[in-house]
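Residue numbers (this note's numbering): 8 to 154. Where a beta carbon is used, it is the ideal one built from N, C-alpha and C, also for glycine.
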C-alpha cells in the first residue's frame with residue numbers, strides 16, 4: 008500500500024436521480040459568485056446603458072458622474088462622487104467591473120469583466136427585473152457587514 012497523501016474525491020449523488028449534485032467544488036463557488044454579481048447589478052442604481060458602454064469601452068468615473076440621466080436608473084442618483092466610487096468598487100469586488108491599466112499603472116477608468124459580459128449576454132432582462140425589498144436588504148447587509 009502507498010502512504011501518499013492522495014485524497015479521494017467522492018461525488019455525491021442526488022437521491023433518486025442519475026446526476027451529480029455538484030460535479031466539482033468550484034461549481035458551487037461559481038454559482039454563488041454569479042448570483043452575488045447578479046444581485047449587485049440589480050440592486051445598484053446603474054442603467055443598462057452603463058454596462059453596455061463599459062462593455063464597448065472604458066469609462067471614467069467623472070464621465071459617469073456627469074451623466075446621471077444616461078447612466079442612472081430611474082430617479083435615484085448619488086449624493087456625491089465618493090458614493091459613486093463606492094458602488095463602482097463594490098462591482099469590482101463582486102467581479103463585474105475592473106479598472107483599466109495603462110503603462111503607468113491603474114487608471115480612473117473602468118471596464119466590464121468577462122463575468123459581467125456573460126451575465127448581460129445570458130440574461131438580457133437582468134436589469135429590468137424588480138428586486139424585492141428583502142433581497143435589497145440582504146444585498147445591503149452583505150455588502151456593508153460581510154461575514
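Quick one: is the Cβ of residue i within less than 6 angstroms of any heavy atom of the ligand GTP?
i          : result
residue 46 : As far as ligands go, the structure on display features none, and thus does not contain the ligand GTP.
Residue i by DSSP, collapsed to three states: which one?
i          : result
residue 79 : strand
residue 9  : Only weak support exists for where residue 9 lies, its pLDDT of 49 falling under 50; the coordinates are left without a value.
residue 54 : coil
residue 86 : coil
residue 61 : helix
Using 10 angstroms around the beta-carbon of residue i, count the other beta-carbons present and answer buried if the total reaches 16, otherwise exposed.
i           : result
residue 148 : exposed
residue 93  : exposed
residue 44  : buried
residue 136 : exposed
residue 129 : exposed
residue 123 : buried
residue 105 : buried
residue 60  : buried
residue 120 : buried
residue 91  : buried
residue 66  : buried
Quick check: the Cα distance between residue i and residue j, rounded to an integer number of angstroms?
i           : j           : result
residue 96  : residue 102 : 10 angstroms
residue 143 : residue 75  : 21 angstroms
residue 89  : residue 72  : 10 angstroms
residue 108 : residue 87  : 25 angstroms
residue 68  : residue 150 : 21 angstroms
residue 49  : residue 133 : 7 angstroms
residue 153 : residue 38  : 18 angstroms
residue 111 : residue 80  : 34 angstroms
residue 114 : residue 70  : 14 angstroms
residue 145 : residue 51  : 13 angstroms
residue 57  : residue 40  : 21 angstroms
residue 55  : residue 131 : 9 angstroms
residue 47  : residue 138 : 10 angstroms
residue 141 : residue 53  : 19 angstroms
Relative to the C-alpha of residue i, which residue among the options is closest?
i           : options            : result
residue 42  : 98, 152, 114, 56   : 98
residue 100 : 111, 117, 112      : 117
residue 62  : 125, 146, 139, 140 : 125
Checking the sheet assignment: what are the DSSP bridge partners for residue i?
i           : result
residue 109 : 112
residue 104 : 119
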